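So the protein lines, in turn, are chains D and S. One rule links them: number in the numbering used here = place in the first sequence (from 1) + 52. One rule links them: number in the numbering used here = place in the second sequence (from 1) + 6. These notes are about the structure you will find just below.
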Amino acid sequence: DAGVIQSPRHEVTEMGQEVTLRCKPISGHNSLFWYRQTMMRGLELLIYFNNNVPIDDSGMPEDRFSAKMPNASFSTLKIQPSEPRDSAVYFCASSLLVGGTGGNQPQHFGDGTRLSIL
Amino acid sequence: ELKVEQNPLFLSMQEGKNYTIYCNYSTTSDRLYWYRQDPGKSLESLFVLLSNGAVKQEGRLMASLDTKARLSTLHITAAVHDLSATYFCAVVPNTGTASKLTFGTGTRLQVTL
């Protein structure tokens, strides 16, 4: 079975440019998560969708970051304008949330996008 | 704010030895997850612990959860080189947003010959 698919795997761009990261969750999963991983701050949850609806975006660092999930099989994370401090590995994860209490299923992670802003 | 702390942060151990990684968290939770990450790779789910006293084992790894002490352990038995990786615990608090994981700092394990 295909896992979580992210693209691109690597992105190098100049400060001020718009960056769009893409994610295809595992088919049948109804929850999708965007994380950022850096040496200094570790793994941070940026935003979390359930049934395509954003539930918690308290981790989005600032207005330059936005995320969408137009359908159950696709999500984007956009940074505009990008800054050098946005350089990190961005992971997308998905899981099956059953019931209203959060469910017990682990989150399945994609391979990540390694983003470098020069 | 939920805090999840792991220790040690770095562990170098010889093949064949046993050791334990600790994960402490600061709020009430009945759900704790362990993940493994190889350098430059994704995170792989290892264990899901859902109740006080839960114990799961897979090969040389065994994880346990004590919700009263807010502590989980990952025990490594007779380590082998293939276990070298970074191990993360992650917690979902009983209150707040369902499924919102907070990750620990990670423990980088290096198994030497």
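Yeah, the Cβ is synthetic: ideal placement off N, Cα and C, and Gly gets one too. In this text the structure is predicted, and so the values were computed from the model without any measurement.
In the three-state reduction of the DSSP assignment, Arg137 (chain D) falls in the helix class, which pools H, G and I. Counting other Cβ atoms within 10 Å of its Cβ, Ala84 (chain S) stays below 16 and is therefore classed as exposed. For Leu95 (chain D), same chain residues with a beta-carbon under 8 Å away, outside a window of 5 residues either side, are Tyr87, Arg88, Gln89, Phe143 in chain order. Taking the beta carbon of Gly112 (chain S) as reference, the chain D residues within 9 Å of it are Gly94, Leu95, listed in sequence order. The region 81 to 119 of chain S contains no complete alpha helix (DSSP H) run of 4 or more residues. Taking the CA atoms as reference points, Lys47 (chain S) sits about 14 Å from Gly55 (chain D).
The three-state reading of DSSP puts Val54 (chain S) in strand, counting E and B together. Closer than 9 Å to the CB of Gly80 (chain D) there is not a single CB belonging to chain S. The beta carbon of Leu73 (chain D) sits closer than 6 Å to the beta carbons of Leu129, Tyr142, Thr165 from its chain, once the five residues preceding and following it are set aside; these are given in chain order.
Among the CB atoms of chain D, one or more fall inside 9 Å of the CB of Thr108 (chain S). In this structure, the beta-carbon distance from Val86 (chain S) to Tyr39 (chain S) does not fall below 9 Å. When secondary structure is reduced to three states using DSSP, Met121 (chain D) falls in the strand class. Nearest Cα to Leu8 (chain S) within the set S:Asn30, S:Ser18, S:Pro14: S:Asn30.
For Asn58 (chain S), the closest alpha carbon among the candidates S:Gln43, S:Ser35, S:Gly65 is that of S:Ser35. Following the DSSP letters along the chain, one finds Ala69 (chain S) inside the beta strand (DSSP E) bounded by residues 67 to 72.
When the five nearest sequence neighbours on each side are left out, the beta carbons in the same chain lying within less than 8 Å of the beta carbon of Leu148 (chain D) are those of Gly80, His81, Asn82, Ser83, Gly155, Gln157, in order along the chain. Straight-line spacing of the CA atoms in Leu71 (chain S) and Ser32 (chain S) works out to 14 Å. Of all residues in the region 82 to 98 of chain S, only Phe94, Ala96, Val98 place a beta-carbon less than 9 Å from a beta-carbon of chain D.
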